[in-house]
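Below you'll find the structure, written out as structure tokens, and then a few comments.
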Amino acid sequence: MENTYLSELKEIKVDEGSPLFDKTNMFYKEFPSDFRQIRYFTLLIVQTAPLEIKEINLLEQQISEIIKNAVKHGNKCDPERKVRVWYSFSPQHAHLVVQDEGDGFKDLEKWNDFNRKRLELLSRHDFENLQDYVSYRTLLSDDNDGGNALFAALEYWNGGFVFNTKRNAVAMLKKYPQKRQGISVE
Amino acid sequence: MELKIRKNGENYIIDVNGEMDLYNSYKLKELVMKMLEKKVERFIINLENVDYIDSSGIGALIYICSTIKKMSMKLIITNIHGSVKKVIELTKLMGYFPITNSIEEAIQQMDE
Chain G
1 MENTYLSELK EIKVDEGSPL FDKTNMFYKE FPSDFRQIRY FTLLIVQTAP
51 LEIKEINLLE QQISEIIKNA VKHGNKCDPE RKVRVWYSFS PQHAHLVVQD
101 EGDGFKDLEK WNDFNRKRLE LLSRHDFENL QDYVSYRTLL SDDNDGGNAL
151 FAALEYWNGG FVFNTKRNAV AMLKKYPQKR QGISVE
Chain X
1 MELKIRKNGE NYIIDVNGEM DLYNSYKLKE LVMKMLEKKV ERFIINLENV
51 DYIDSSGIGA LIYICSTIKK MSMKLIITNI HGSVKKVIEL TKLMGYFPIT
101 NSIEEAIQQM DE
């Protein structure tokens with residue numbers, strides 16, 4: 001049990017050649033980087049998803065975090081800069097590519113190191129020292145940054161969470177278990 | 001998001017109503033900080049009527065939890081359910097936050 005968290009160690013990868021960046025047959029929308037409208041933009045995308053994968057509002061919440069990162073950390077809320085979103089949903093999957101016009105996620109390796117340490121502490125149930133690893137912060141973080149969105153994202157997007165080489169686009173896939181349909185025979 | 005405070009003995013119960021998102025989670029943080037200034041020592045945050053939380057909301061709970069721990073005051077978060085519970089599980093913070101299933105249980109734990 002001790003290594004539960006470490007045995008499933010996940011990290012953010014950089015792989016522009018990943019099939020997750022294949023945008024064939026995906027829908028597309030673009031938005032200005034308006035912080036006040038992040039949840040509205042998210043709803044415009046999520047409304048096309050089948051009800052059974054919305055999981056009340058978990059899908060919306062996870063997509064909103066990625067769009068927020070693009071608007072706030074990528075484009076620095078500059079309304080002249082766009083966030084571009086490619087998306088595709090079915091009862092079995094949610095697939096998105098979100099791209100901003102920023103300089104890219106430069107701290108990606110530092111974030112992975114931080115997350116590795118966090119998972120080590122969790123595996124040891126060391127909640128005392130976990131205190132310093134519950135929120136990833138940089139000099140640019142402000143009071144409203146939770147610093148925990150990507151921890152959840154790595155868990156949620158179980159089909160992969162990958163950045164492009166410039167690190168200003170991220171592709172992600174969530175796979176849902178296929179429900180068996182039919183009638184039971186006694 | 002609407003915040004209401006009620007008192008039960010020494011315990012101050014904060015009922016959170018609505019969504020804890022990137023636009024309003026700071027309000028809960030500010031309220032708890034003001035209550036700490038007024039020497040409140042026992043907090044129960046009731047999330048029964050919260051159906052949506054994002055990383056800012058989780059961040060607010062982390063901030064409140066760590067501040068109250070540092071000051072050796074008491075905090076319990078209660079009635080976590082639905083996608084709020086799922087988001088806390090995804091961030092693996094269920095063991096970090098002091099959590100109970102009901103207000104009654106929270107009050108009982110406060111007195112232990």
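Respectively, the protein sequence lines represent chains G and X.
Each residue of the first sequence is one higher than the last, beginning at 1 in our numbering.
Each residue of the second sequence is one higher than the last, beginning at 1 in our numbering.
C-beta atoms are modelled at their ideal positions from N, C-alpha and C, and glycine is treated no differently.
*Can you list, in chain order, the residues of the stretch 46 to 66 of chain G whose Cβ is nearer than 9 Å to any Cβ on chain X?*
E55, I56, N57, L58, E60, Q61, Q62, S64 and E65
_Counting only Cβ pairs nearer than 7 Å, list the residues of chain G close to L90 (chain X)._
Sequence index remark: in the second sequence, residue 90 (chain X) carries index 90 (1-based). Chain G residues near L90 (chain X): A152, E155 and Y156.
_Considering only the alpha carbon of each residue, which of X:M1, X:V40, X:L61 and X:I77 lies closest to N101 (chain X)?_
Here residue 101 (chain X) refers to the residue found at position 101 when the second sequence is read from its first residue. Comparing Cα positions, the closest option is X:I77.
*Listing by chain order, which chain X residues have their CB less than 7 Å from the CB of A149 (chain G)?*
If you number the first sequence from 1, residue 149 (chain G) lands on position 149. Simply S55.
*Excluding sequence positions up to five away, which residues of its chain have a Cβ less than 7 Å from the Cβ of L59 (chain G)?*
Here residue 59 (chain G) is taken as the residue at index 59 of the first sequence, counted from 1. Excluding residues within five positions, the ones whose Cβ falls inside 7 Å are V46, A49, I53 and A94.
*Counted within 10 angstroms of its Cβ, other Cβ atoms place M71 (chain X) as buried (16 or more) or exposed*: To locate residue 71 (chain X), count along the second sequence from 1; it is residue 71. Flag for M71 (chain X) reads exposed.
_Closer than 9 Å at the beta carbon, the chain G residues around G95 (chain X)_ = Within the second sequence, the letter at position 95 stands for residue 95 (chain X). The answer, in chain order, is L122, H125, F127 and L130.
*Assign M33 (chain X) to buried or exposed, taking buried as 16 or more other Cβ atoms, counted over all protein chains shown, within 10 Å of its Cβ.*
One-based indexing of the second sequence puts residue 33 (chain X) at position 33. So M33 (chain X) ends up on the exposed side.
_List, in chain order, every chain G residue whose beta-carbon is nearer than 8 Å to that of K86 (chain X)._
Translated into the one-based positions of the second sequence, residue 86 (chain X) becomes position 86. Per Cβ cutoff of 8 Å: E55 and L58.
*Tell me whether M110 (chain X) is buried or exposed, calling it buried when 16 or more other Cβ atoms sit within 10 Å of its Cβ.*
Mapped onto the second sequence, residue 110 (chain X) falls at position 110. Buried.
*Starting from S66 (chain X), find everything on chain G with Cβ-Cβ shorter than 7 Å and list it in chain order.*
Taking the first residue of the second sequence as position 1, residue 66 (chain X) is located at position 66. Per Cβ cutoff of 7 Å: Q131.
*asked:* Suppose contacts are defined by Cβ-Cβ distances below 8 Å. Is N24 (chain X) in contact with E48 (chain X) by that definition?
replied: Taking the second sequence and counting its residues from 1, the one referred to as residue 24 (chain X) is at position 24. Taking the second sequence and counting its residues from 1, the one referred to as residue 48 (chain X) is at position 48. No, the Cβ-Cβ distance between N24 (chain X) and E48 (chain X) is not below 8 Å.
*Taking Cβ-Cβ distances shorter than 9 Å, what residues in chain X pair up with D143 (chain G)?*
For the purposes of this step, residue 143 (chain G) is taken as the residue at position 143 of the first sequence. Per Cβ cutoff of 9 Å: Y26, K29, G59 and Y63.
*asked:* Closer than 8 Å is the cut-off here; do at least three beta carbon pairs connect the stretch 81 to 92 of chain G with the stretch 26 to 38 of chain G?
replied: yes
*Rank G:P177, G:A171, G:L119 and G:Y176 by C-alpha distance to the C-alpha of S18 (chain G) and give the top, closest one.*
Mapped onto the first sequence, residue 18 (chain G) falls at position 18. Looking at the Cα atoms, G:A171 is the closest of the given residues.
*Shortest alpha-carbon distance to Q178 (chain G) belongs to which of G:Q92, G:E128, G:K166 and G:F41?*
Counted from its first residue, the first sequence places residue 178 (chain G) at position 178. Looking at the Cα atoms, G:Q92 is the closest of the given residues.
*Mind checking who D15 (chain X) pairs with in its DSSP beta bridge?*
Your numbering for residue 15 (chain X) matches position 15 in the second sequence. D15 (chain X) pairs with X:K4 and X:N46.
*Comparing alpha-carbon positions, which option in G:K76, G:H73, G:Y176 and G:T42 lies nearest Q62 (chain G)?*
Along the first sequence, read from residue 1 onward, the residue named residue 62 (chain G) stands at position 62. Of the candidates G:K76, G:H73, G:Y176 and G:T42, the one whose C-alpha sits nearest the C-alpha of Q62 (chain G) is G:T42.
*Report yes or no: is there a C-beta of chain G within less than 8 Å of the C-beta of K4 (chain X)?*
Your numbering for residue 4 (chain X) matches position 4 in the second sequence. For K4 (chain X), the answer is no, since every Cβ of chain G falls outside 8 Å of its Cβ.
*Using 10 angstroms around the beta-carbon of K13 (chain G), count the other beta-carbons present and answer buried if the total reaches 16, otherwise exposed.*
Your numbering for residue 13 (chain G) matches position 13 in the first sequence. The residue is exposed, with fewer than 16 neighbouring Cβ atoms inside 10 Å.
*asked:* Need the endpoints of the alpha helix (DSSP H) that Q108 (chain X) sits in, please.
replied: Position 108 of the second sequence, counting from 1, holds the residue named residue 108 (chain X). Per DSSP, Q108 (chain X) belongs to the alpha helix (DSSP H) from I103 to D111.
_For M20 (chain X), three-class secondary structure by DSSP_ = If you number the second sequence from 1, residue 20 (chain X) lands on position 20. Reduced to three states, the DSSP call for M20 (chain X) is strand.
*Which residue comes first and which comes last in the alpha helix (DSSP H) that contains M26 (chain G)?*
Translated into the one-based positions of the first sequence, residue 26 (chain G) becomes position 26. Looking at the DSSP string, M26 (chain G) is not in any alpha helix (DSSP H), and its letter there is neither H nor E.
*Inspect the beta-carbon positions of G147 (chain G) and G102 (chain G) and report whether they are closer than 8 Å.*
The count along the first sequence starts at 1 and reaches residue 147 (chain G) at position 147. The count along the first sequence starts at 1 and reaches residue 102 (chain G) at position 102. Contact flag unset, no.
*Three or more C-beta pairs closer than 8 Å, one from the stretch 120 to 129 of chain G and one from the stretch 49 to 65 of chain X: is that the case here?*
no
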